[in-house]
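Per UniProt numbering, the very first residue in the sequence shown carries number 1; after that it's consecutive.
So the structure is just underneath, and the comments pick up after that.
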Amino acid sequence: MMSPIEVSVLTKAAPSASSASVQVDNFAVLIDNSKSINHLHQIHAALLRRGLHHHPILNFKLQRSYSSLGLLHHTVTLFHRTPAPNVFLWSSIINAHSHSALWDCALSYYAQMLAHHVQPNAFTLSSLLKGCTLQPTTVVHSHAVKFGLSSDLYVSTSLVDAYARGGDVVSAQKLFDAMPERSLVSLTAMLTCYVKHGMLREARLLFEGMGVKDVVCWNVMIDGYAQHGCPNEALVLFREMLGKKVRPNEITVLAVLSSCGQLGALECGRWVHSYVENSGVGVGVRVNLRVGTALVDMYCKCGSLEDARKVFDGMVGKDVVAWNSFIMGYGIHGFGDEALQLFHEMLRVGVRPSDITFVAVLTACAHAGLVGKGWEVFDLMKSRYEMEPKVEHYGCMVNLLGRAGRVREAYDLVRSMEVEPDSILWGTLLWACRIHNDISLGEEIAEFLVSNDLATSGTCILLSNMYAAARNWVGVAKVRSFMKESGVEKEPGCSSIEVNNRVHEFLAGDIRHRRSKDIYSMLGKMNGWLKARGYTPKIDLVLHDIGEQQKEQSLEVHSEKLALAFGLISTSPGTAIKIVKNLRVCLDCHAVMKMMSKISGRKIIMRDRNRFHHFENGSCSCRDYW
């Protein structure tokens, strides 16, 4: 409902010359305060009746308001009916299209503006640069120099941001270094540039040198660590942020939960969950759909499906992303039947699956050995939902068939694919050859990968494993020589374990930990217990032509065994031990974990690169099928 003053302004007769200025001011205030389309239409009609619709200030404000209310076509109509628009109106129409992500239209209006001999101002160029790709950015940059606007703080900051988006870090750096003054926005733009391109060291140096840091700066740095595989650093920085009394927001929470999931840091993730629920009103974060989905993902990756289920069941209006997250959670834990049940529940409530849904369901089938169900889902994707399988879906089917021992069938599927298989898919097939000792097919695949420059450290190591298992040391040497010549480096194995809210990381043969002496003492006891119960080290996995005793010693100090030993000496008897491994767990460590779960009377939960393994009372949830 309009106020009496608004009614008076809108219904008053045409103004006299003496009161025109007051009328313009009143209408300007009304337009600025207009929050509805209907109200703005009434104001527009009143301007037409009074002949004020071409007044430059009112016309400008009216166009801007229509745009802000989502009526860009009204803005465009008004603009084209405006005789000789000035730089402010041109800038406004350019900004309106940039704000609506209509970048080509914004550039077109800029070209028309120049054709009408209207010189741009700083707002024109900064608006234009919001969505410019690299080539137009260089043109706008030259115009900024030509029109004497390159030293303007807003323009130079927008240029830094545009060059960063386009991947030209060198130009962004040069502009940034040349800026006579830097605002928080320009500092954040350069920080984002470094982070986006993985230059975390440079980003951290810039971050530490910033006098004032708002929550956006903290988020850029924390999320940068999370996105580039440095979750520990992300969590340390988050704690520092809280210590500085900077209030986190939703973006902070999403980055931190991602880091907890990467590390398998369950207690830390639970603390963040509690922090959001108990402080949500104060920090402006609540468990909405995005945060809820992130919590489900985190709990699944940290091995707590019970917590994930509680969050999932409490979410209102679950979208396909939320369903995908929990289906994948069941999948990586090897609970194929539960994943399929959840999938069918999703279909019953009317949520249409995405291509990622089918990746999640097929992954679940692969980890549970459900070959028949996997084919049904694969066919359903094409027949009912008319989705063409992507390389990820074929990869899941190859994984499913390969694990089930149907290696040749998996190979035939790869050869018949309509999309180009990638190195990950070939690596999956090669792993199946390794598990089922199909050396001839493995060699054929490896030769194909090498000749097509698709070989990775993973595929090379798999082939080496196959040769080593067959005691073909010439083959092992050949692979190692290729890796050296090609610059392919083996990714070092790393295992982590969370104890008392702190994540401890171990490499193979690691002696850096402050309790290293106690860890190796426990390792010695573990070896004694294992051998007393008939354990025989799988020395054929060692890729070196060395003595058997040396091979055994090499296996004894794998990173996951060190993490297990630390868990045994650092937690109470009967407590479950949770370990995260960055690579696929080897056959020997898998066998050790099974036996140690029975010997210690503890449940051992391990997440490797591909899935979860729940070791309990001498058996594993994967049923030795991974």
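Ideal placement from N, C-alpha and C gives every residue a C-beta, glycine not left out.
Report task. State the start and end residues of the unbroken beta strand (DSSP E) segment that holds Arg502. Result -> Position 502 of the sequence shown holds residue 502. Segment 502-507, the beta strand (DSSP E) holding Arg502.
Query raised in the report: Between which two residues does the alpha helix (DSSP H) carrying Arg239 extend?
Result: Here the question's residue 239 lines up with position 239 in the sequence shown. 231-243 is the span of the alpha helix (DSSP H), which, as asked, contains Arg239.
Query raised in the report: Considering only C-alpha positions, which residue in the set Gly148, Gln112, Ala164 is nearest to Leu129?
Result: On the sequence shown, residue 129 is found 129 positions in, with the first residue counted as 1. Looking at the Cα atoms, Ala164 is the closest of the given residues.
Requested in this report: Determine the contact status of Thr363 and Gly331, defining contact as a CB-CB distance below 8 Å.
Outcome: Residue mapping note: residue 363 aligns to position 363 of the sequence shown, counting from 1. Residue mapping note: residue 331 aligns to position 331 of the sequence shown, counting from 1. Yes.
Report task. Look up Met606 in the DSSP assignment and say whether it is helix, strand or coil. Result -> As a first step, residue 606 is located in the sequence shown; it is residue number 606 there, counting from the start. Looking at Met606 - three-state DSSP - the assignment turns out to be strand.
Query raised in the report: From the DSSP output, which residues share a beta bridge with His614?
Result: As a working note, residue 614 is residue 614 in the sequence shown. Ile605, per the DSSP bridge assignment.
Query raised in the report: Candidates Leu159, Leu134, Cys105, Gln112: which alpha carbon is nearest Phe123's?
Result: For the purposes of this step, residue 123 is taken as the residue at position 123 of the sequence shown. Closest by alpha carbon: Leu159.
Report task. Say whether the segment 497-504 touches the segment 267-279, bearing in mind that this needs 3 or more beta-carbon pairs closer than 8 Å, one atom from each stretch. Result -> yes
Query raised in the report: Beta-carbon separation of Ile43 and Leu30 under 8 Å?
Result: If you number the sequence shown from 1, residue 43 lands on position 43. If you number the sequence shown from 1, residue 30 lands on position 30. It is a contact, given that the beta carbons lie within the stated cut-off.
Query raised in the report: DSSP beta-bridge partners for Val499?
Result: Locating residue 499 in the sequence shown gives position 499, where the first residue counts as 1. DSSP lists Arg502 as partners of Val499.
Query raised in the report: Which stretch, first to last residue, makes up the beta strand (DSSP E) that contains Lys581?
Result: Taking the sequence shown and counting its residues from 1, one reaches residue 581 at position 581. Per DSSP, Lys581 belongs to the beta strand (DSSP E) from 577-581.
Query - In chain order, each beta strand (DSSP E) run of at least 3 residues that lies wholly inside the segment 190-232 - result: Runs of the beta strand (DSSP E) lying entirely within the segment 190-232, each at least 3 residues long, are absent.
Query - Of the residues Ile605, Cys620, Asn617, the one placed nearest Cys300, counting alpha carbons only - result: Mapped onto the sequence shown, residue 300 falls at position 300. With distances taken between Cα atoms, Cys300 lies closest to Ile605.
Query raised in the report: Going straight from the alpha carbon of Ile327 to that of Leu305, what length do you get?
Result: The count along the sequence shown starts at 1 and reaches residue 327 at position 327. The count along the sequence shown starts at 1 and reaches residue 305 at position 305. Answer to the nearest angstrom: the Cα atoms are 11 Å apart.
**Report entry** Closest residue to Ser559 among Ile569, Cys586, Pro537 (Cα-Cα distance)
**Finding:** Looking up residue 559 in the sequence shown gives position 559. The residue with the shortest Cα to Cα distance from Ser559 is Cys586.
Query raised in the report: When the Cα atoms are used, what is the spatial distance from Leu10 to Gln23?
Result: For the purposes of this step, residue 10 is identified with residue 10 of the sequence shown, where counting begins at 1. For the purposes of this step, residue 23 is identified with residue 23 of the sequence shown, where counting begins at 1. Reliability fails at Leu10, whose pLDDT of 48 lies under 50, so the model's placement of it is uncertain and the value that follows must be treated cautiously. Those two C-alpha atoms are separated by around 10 Å.
Query raised in the report: According to DSSP, is Cys494 helix, strand or coil?
Result: Your numbering for residue 494 matches position 494 in the sequence shown. Strand at Cys494.
Query raised in the report: Do you know whose CA, among Tyr194, Ala477, Phe343, lies nearest Glu485's CA?
Result: By 1-based counting over the sequence shown, the position of residue 485 is 485. Residue Ala477 is the option with its Cα nearest to Glu485.
Report task. Report back the beta-carbon spacing between Leu562 and Phe506 to the nearest angstrom; my notes put them in contact at under 8 Å. Result -> Within the sequence shown, residue 562 is the residue found at index 562, counting from 1. Within the sequence shown, residue 506 is the residue found at index 506, counting from 1. Between Phe506 and Leu562 the Cβ distance is about 4 Å, and since that is below 8 Å, they are a contact.
Report task. Output the distance between the C-alpha atoms of Val215 and Ser496, rounded to the nearest integer angstrom. Result -> Taking the first residue of the sequence shown as 1, we reach residue 215 at position 215. Taking the first residue of the sequence shown as 1, we reach residue 496 at position 496. Rounded to the nearest whole angstrom, the C-alpha separation of Val215 and Ser496 is 29 Å.
Query - Residue ranges of each alpha helix (DSSP H) within the segment 270-299, 4 or longer - result: none
Query raised in the report: Which residue comes first and which comes last in the alpha helix (DSSP H) that contains His590?
Result: As a position in the sequence shown, residue 590 is number 590, starting the count at 1. Residues 587-600.
**Report entry** Opening and closing residue of the alpha helix (DSSP H) in which Met328 lies
**Finding:** Position 328 of the sequence shown, counted from the start, is the residue given in the question as residue 328. Unbroken alpha helix (DSSP H) run through Met328: 320-332.
Query raised in the report: Is it a yes or a no for the segment 518-532 touching the segment 585-600, going by three-plus beta-carbon pairs under 8 Å?
Result: Taking one beta carbon from each stretch, the segment 518-532 and the segment 585-600 have 3 or more pairs nearer than 8 Å; the two touch.
Query raised in the report: Are three or more beta carbon pairs between the segment 240-257 and the segment 207-221 nearer than 8 Å?
Result: yes
Query raised in the report: Within 10 angstroms of its Cβ, does Gln63 collect 16 or more other Cβ (buried), or is it exposed?
Result: Taking the first residue of the sequence shown as position 1, residue 63 is located at position 63. Here Gln63 is buried, its C-beta having at least 16 other C-beta atoms within 10 Å.
**Report entry** Euclidean distance between Cα positions of Ser126 and His197
**Finding:** The count along the sequence shown starts at 1 and reaches residue 126 at position 126. The count along the sequence shown starts at 1 and reaches residue 197 at position 197. Each residue's Cα considered, the two are about 23 Å apart.
Query raised in the report: Per DSSP, Cys132 forms a beta bridge with which residues?
Result: Counting from one through the sequence shown, the residue named residue 132 turns up at place 132. Partner(s): none; Cys132 has no beta bridge.
**Report entry** Inter-residue spacing [alpha-carbon to alpha-carbon] between Glu338 and Asp624
**Finding:** Stepping through the sequence shown from its first residue, residue 338 is reached at position 338. Stepping through the sequence shown from its first residue, residue 624 is reached at position 624. One C-alpha to the other measures close to 19 Å.
**Report entry** Spatially closest choice to Arg602 from Asn86, Gly618, His54, Cys105, by CA coordinates
**Finding:** Taking the first residue of the sequence shown as position 1, residue 602 is located at position 602. Ranking the options by Cα distance to Arg602, first place goes to Gly618.
Query - Candidates Pro136, Gly261, Asp161, Gln553: closest to Thr293 by CA position - result: Along the sequence shown, one-based indexing puts residue 293 at 293. Among Pro136, Gly261, Asp161, Gln553, the Cα nearest to that of Thr293 belongs to Gly261.
Query raised in the report: Taking Gly395 as the reference, which of Ala360, Val253, Ser383, Lys382 has the closest Cα?
Result: Start at 1 with the first residue of the sequence shown, and residue 395 comes out as number 395. When each option's Cα is compared against that of Gly395, the closest is Ala360.
**Report entry** Span of the alpha helix (DSSP H) around Glu376
**Finding:** The residue you call residue 376 lines up with position 376 of the sequence shown. Note, Glu376: alpha helix (DSSP H), 371-383.
Report task. Look at the alpha carbon of Ser142 and the alpha carbon of Arg182, and state the distance between them as a whole number of angstroms. Result -> One-based indexing of the sequence shown puts residue 142 at position 142. One-based indexing of the sequence shown puts residue 182 at position 182. C-alpha separation (whole angstroms): 21 Å.
Query raised in the report: Short check: CB of Gln112 to CB of Phe147, under 8 Å?
Result: Start at 1 with the first residue of the sequence shown, and residue 112 comes out as number 112. Start at 1 with the first residue of the sequence shown, and residue 147 comes out as number 147. In this structure, Phe147 does not lie closer than 8 Å to Gln112 by Cβ.
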